[in-house]
Amino acid sequence: MNFPATILLAGGSSSRFAPLAEKNLFKFLGKTLVSRQIETLTAKGADKIVIITNEANLEKIKSEAQEVNPEVKVFVQVGEGQAGAVMTGLKEGGIEGGVLIMNVNDIFEEDLFNELQGKIREKGNNFLVGVYTEKYFPGGYLVIENGNVKKVVEKPGEGNEPSDYVRIVFDYFSNGNELLSVLESVESANDDVYEVALSRMMDEGKIFEMIEYKGAWETIKYPWHVLSMMQHYLEQIEGQQISENAQVAETAVINGNVIIEDGVKIFDNAVINGPAYIGRNSIIANGALVRDSMIGDNCVVGFATEVARSYVSDRCWFHTNYIGDSALGSNVSFGSGAVTANLRLDEGEIGVVIKGEKVMTGRAKLGNIIGNDVRVGVNSSLMPGVKIGTNTVIGSGVLLEKDVEEGKFVRMETELEIKDNNVDISTIKR
Amino acid sequence: MNFPATILLAGGSSSRFAPLAEKNLFKFLGKTLVSRQIETLTAKGADKIVIITNEANLEKIKSEAQEVNPEVKVFVQVGEGQAGAVMTGLKEGGIEGGVLIMNVNDIFEEDLFNELQGKIREKGNNFLVGVYTEKYFPGGYLVIENGNVKKVVEKPGEGNEPSDYVRIVFDYFSNGNELLSVLESVESANDDVYEVALSRMMDEGKIFEMIEYKGAWETIKYPWHVLSMMQHYLEQIEGQQISENAQVAETAVINGNVIIEDGVKIFDNAVINGPAYIGRNSIIANGALVRDSMIGDNCVVGFATEVARSYVSDRCWFHTNYIGDSALGSNVSFGSGAVTANLRLDEGEIGVVIKGEKVMTGRAKLGNIIGNDVRVGVNSSLMPGVKIGTNTVIGSGVLLEKDVEEGKFVRMETELEIKDNNVDISTIKR
Amino acid sequence: MNFPATILLAGGSSSRFAPLAEKNLFKFLGKTLVSRQIETLTAKGADKIVIITNEANLEKIKSEAQEVNPEVKVFVQVGEGQAGAVMTGLKEGGIEGGVLIMNVNDIFEEDLFNELQGKIREKGNNFLVGVYTEKYFPGGYLVIENGNVKKVVEKPGEGNEPSDYVRIVFDYFSNGNELLSVLESVESANDDVYEVALSRMMDEGKIFEMIEYKGAWETIKYPWHVLSMMQHYLEQIEGQQISENAQVAETAVINGNVIIEDGVKIFDNAVINGPAYIGRNSIIANGALVRDSMIGDNCVVGFATEVARSYVSDRCWFHTNYIGDSALGSNVSFGSGAVTANLRLDEGEIGVVIKGEKVMTGRAKLGNIIGNDVRVGVNSSLMPGVKIGTNTVIGSGVLLEKDVEEGKFVRMETELEIKDNNVDISTIKR
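So this is what it looks like as structure tokens:
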């Protein structure tokens, strides 16, 4: 038996991810998350693969997915929430039998796919996945009886957890037709039709066996999650994979595990401390240092720049900068001396304002989150956790302490005192 | 036959060139433009060489010129404009026969001198030089009949060009006496006596044969032209000419064509990417990068400084700076972290204010134009195209968006909020 | 005969040394001044060694001293001034015979100890030490007759010097009991009991033979004296003493005389230009430069940082900084791009405010004096000679022109103009 038909969810508007663009199109080690999931599912022999997305990302996601597997179908979501996405997938995809529902941006180990496949071969059940969690996590906790999930309790609060297992979206339904009809029957004013349908099926006695998952799970909700996702992929680099078409100066130093793509140029005295990924045609200039980072295609990491623990998209340009613990969109450039501050002066936990509310990131080190098409002037200082919207310019010498929306131009107002110089500088000899 | 007597014009007050000092005394590859022209004319065997200059530069120009050829005569201009200069040259220089009139700061290929010499040998004509120009250029266009210039039309406006040839000042008159008497006879309220005399001679039927010139022509009018003149000379460097008295650390890297003069020290991990010229006794310190640039004598390009596509005069001192696409006088120093911004944030064409008017430079990259004896404080940011006058101090942390006159001290006014620190920093452990 | 009993003075409150902590506990080449003096005196076989200090430093000084020689006694000073300290030492130390009085932070060459020892062996005199001084020095001048000191004239004023010899505190009394009784008999409203006692003994005909001293003398009074003391010790380093437990990258460069302690890591392309000392477990990161400096234990001299002619205590952290001619306490960190300006723009002598009065330092190059537990934000600029108190935070982008007391938080107030960006940056291609 093959792997079941799979509906991949890629439809959210990702407003919590702003100013970064569609997360499922973010590349890690040169491949988007979409491509990676399609690769995995295609390798497993998935019966059908259907992606549900929104109008804005349709073409890009389709092109990414079909480049890997031309059989993949991509549809724009009709209806609200996860229920709408799943119903669109079932109907447009013509899925009537077993179906797996998962998010594009949830990255699991291959074992989970194998285990599901094995379980399906054994039994005709539905399956849900529970992640063993020691510390309280604000998600949906599973109520378990004899290895079966009886109920999902959303955010029970610390101390009230019904078990140590939190649900992740990797839901297998043995009967797509049945799932569709339950979803169609649920009415709810909230955005929880899918969850209500699940409860109803449990209440009606359908068996949802729990698959326990203890492997790595990476997901992207907030923009700084790009950094942990990056770390996940960086750790998978093995050895030094340096393209034959890359030019590495004799005095450049490359330590640790790296992928260096075609057309990359690494200039004299540059240092790359792996794990690191350098995308096609990018330049790592003299005296630059890249460590624990991903650099996209066609970037220039200019003279004496350090990029540390940062995700840099395509066509970014740096020049004597420090880019630390930051996630940058494409076509971002920094003038000489501009700096991402990645540590509070009290070295406390860094918060980021998401939709008007400060969200603590759990990180002591976090630089900036910068959208596509941004310019930062020379000697500017960007404070920890500050976000900059797309198509925005930060002038020179700016001390930026707050988020800037997209499409803005920020200029520092300064006052200069101009008086006569009473020293004859020509007489100063060294 | 030898090369004709030549009057070299070096008399302009160069106000458009401010804050840089006399352009004819600018050194390229270690020699002033004056020296270079005298060398060329001396090598050609010029009958007489006369330089006309102003009071201020007399001694320096005389010393430069006579060091190359002690026979050169240098006179202070009497009378206005080019006519005044030429008349001074003819009279004081005692030039009665054939005479070539040219500017010191017009640099032509040697072919032009050879061609003129050949033509004179053939015919007793006067000669003017026309440069073939595809795109409209706001200069004097030649009206040509049968290879002879009939008229010069100043700035005819795009679309009204009488030919594709623009006049450059490389004028040969077969009879100096005649030229003098015509010049003396012209009366004009404007600064155009020379041009009027030329017209009159043409109207009177004197033959001015056109020599067509398609070679390289470099000239200096505005200060940023120093950079294109520099580029011209940098391209002439062949191989790696490194003085035996220079000290180059084992770990220093020198790529491409360079001239490195006596007494230069290049420290560990410094990189020089040619073409580049490093003047006597200058230091290129640890981790510094010099590329496509000229560095004068007794300079220090300090730790982790990049000098790119820039002209640096003698006794300049840098320390962790970016000097990009800039032209600097002598005895200029930059504090650590001070930066020349060489690119507008919109990457548009850079304009420079010349005598109160913004002049577009045709350059997307242009840093700063800085006179002699200037100090720039640490972490200051100099915006693209800004000029700084001689003997001026720019304080620390200054964001300089406008030109500063000579003899000024510019200080950034800042307001600091000083409150109690409620964190016990001694408890922060890493 | 052994070396006499010695009373080491370490009791001053060092208010002129603020914001740096107790000077006698400053380490040079890994050893505090206290340890060094105890080592010297122990090696000479001093009869007894007694240190007089204050309550605050008692435990630290005792532990430092007794680690070298468990026989050393340390007492808290009772009574005022030097007289109080000496009386405490004589009484608590039970010193009745010959006794040497000296300051912990006066560093002399070993010859002086030897000469004193020889003289004592010869004669039963008291001895004072005079330093031959060409230029007027505001200290105590010796009136000399037949090689004996007849009187000490405090600060006689230039031109009124009674001799060319200035007194330094290296006073030997042949009879401790006698000294104690004279000290006890003096009454003075001023803080000069010790000096009055000395005068009285001279007036009474006691012989104080002068020992002439022409060797090196280093002392610490003002905080910048740490830098000259450092220089003194740096010059004593011989060869390259690199611990076997230190890790030095292949591309790192080490020139000149250095001590590199256990656990140090020197990363690729770092340069150390001796003389230099690097304390235990410190990291000199990629592209960093350390020269003519001491770095304490557990420091990180981060990417592209230069530390020049500076004293850095333990647990300091730098990142793309210039630390020049500065003295830093422990647990100090600088954000990327922060700079100590070490040269006035007019290159004049640098003054430092000590207890409200500007004191000229005699130095053209002096950066900053920074107490323990200080944080400096990114891109801040600290002006020459400015001091920062302990447990203080200097925010980002600050231009600091004045001293900051301990326990403060300094923030730059900036005004940003935020307008719409009318350029579509996505269209800008490189």
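Residue numbers (the working numbering), protein chains in the order written: chain A, 1 to 430; chain B, 431 to 860; chain C, 861 to 1290.
For glycine and all other residues, C-beta sits at the position ideal for the given N, C-alpha and C.
The Cβ of residue 713(B) sits no closer than 8 Å to any Cβ of chain C.
A contact between stretches requires three or more CB pairs, one per stretch, nearer than 8 Å, and the region 26 to 42 of chain A fails this requirement with the region 407 to 427 of chain A. Rounded to whole angstroms, the separation of the alpha carbons of residue 739(B) and residue 623(B) is 39 Å. When the Cα atoms are used, residue 509(B) and residue 515(B) turn out to be separated by approximately 7 Å.
The contact set of residue 409(A) on chain C, defined by CB atoms closer than 9 Å, consists of 1277, 1278, 1279, 1280, 1281, 1282, 1283 in chain order.
From the listed residues 574(B), 777(B), 766(B), 763(B), the smallest Cα separation to residue 335(A) is found for 777(B).
For residue 717(B), the nearest CB of chain C lies under 8 Å from its own CB, placing it at the interface with that chain. In this structure, residue 1261(C) sits away from residue 1249(C), with a CB-CB distance that is not shorter than 8 Å. Taking all protein chains shown into account, residue 50(A) has 16 or more neighbouring C-beta atoms within 10 Å of its C-beta and is therefore buried. With respect to the C-alpha of residue 1283(C), the residue from 36(A), 380(A), 373(A) having the closest C-alpha is 373(A). For residue 393(A), the closest alpha carbon among the candidates 409(A), 381(A), 385(A), 384(A) is that of 409(A).
At a Cβ-Cβ threshold of 8 Å, residue 116(A) and residue 127(A) count as neighbours. In the DSSP assignment, residue 247(A) is bridged to 265(A). Taken in chain order, the whole alpha helix (DSSP H) runs of length 4 or more contained in the region 1133 to 1205 of chain C number zero.
If you draw a straight line from the Cα of residue 736(B) to the Cα of residue 825(B), it comes to about 21 Å. Close to residue 216(A), with beta-carbon spacing below 7 Å, lies no residue of chain B; the smallest spacing is near 28 Å. For residue 395(A), the residues of chain B that pass the 9 Å Cβ criterion are 775, 829, in the order they occur in the chain. Following the DSSP letters along the chain, one finds residue 963(C) inside the beta strand (DSSP E) bounded by residues 959 to 963. Taking residue 121(A) as reference, the option from 279(A), 96(A), 3(A), 100(A) with the minimal CA-CA separation is 3(A). Listed in chain order, the non-local C-beta contacts of residue 999(C) below 6 Å within the same chain comprise 1026, local neighbours out to five positions each way being set aside.
Around the C-beta of residue 620(B), fewer than 16 other C-beta atoms lie within 10 Å, and the residue is accordingly described as exposed. At least one CB of chain C lies nearer than 8 Å to the CB of residue 842(B). Assignment of residue 1240(C) by DSSP, reduced to helix, strand and coil, places it in the coil class. Close CB contacts of residue 1223(C) within its chain, under the 6 Å cut and outside five residues either way in sequence, are with 1210 (chain order). In the DSSP assignment, residue 833(B) falls outside any alpha helix (DSSP H), carrying neither H nor E. In the same chain as residue 1175(C), and ignoring 5 residues on each side of it, the C-beta atoms closer than 6 Å to its own belong to 1158, 1190, 1191, in chain order.
Only residues of its own chain outside the window of five on either side were considered, and among them 276, 277, 278, 279, 282, 284, 301, 307, 312, 316 have a CB closer than 8 Å to the CB of residue 295(A), listed in chain order. Taking a cut-off of 8 Å for Cβ pairs, the region 687 to 705 of chain B and the region 490 to 505 of chain B do not touch, as fewer than three such pairs fall below it. With 16 or more other CB atoms across the displayed protein chains lying within 10 angstroms of its CB, residue 325(A) is buried. Contacts between residue 1252(C) and chain B, judged by CB atoms closer than 9 Å, involve 851, 855 in chain order. DSSP, read as helix, strand or coil, puts residue 981(C) in helix. For residue 225(A), no CB of chain B lies under 8 Å from its own CB, so it is not counted at the interface with that chain.
By the Cβ rule, the region 254 to 264 of chain A does not count as touching the region 197 to 207 of chain A, because fewer than three pairs are nearer than 8 Å. Bridge pairing for residue 46(A): 3(A) [DSSP].
Look at residue 236(A) here: in three-state DSSP terms it is coil, with no helix or strand label.
Interface annotation for the region 1014 to 1033 of chain C against chain A: empty, criterion Cβ-Cβ distance under 9 Å.
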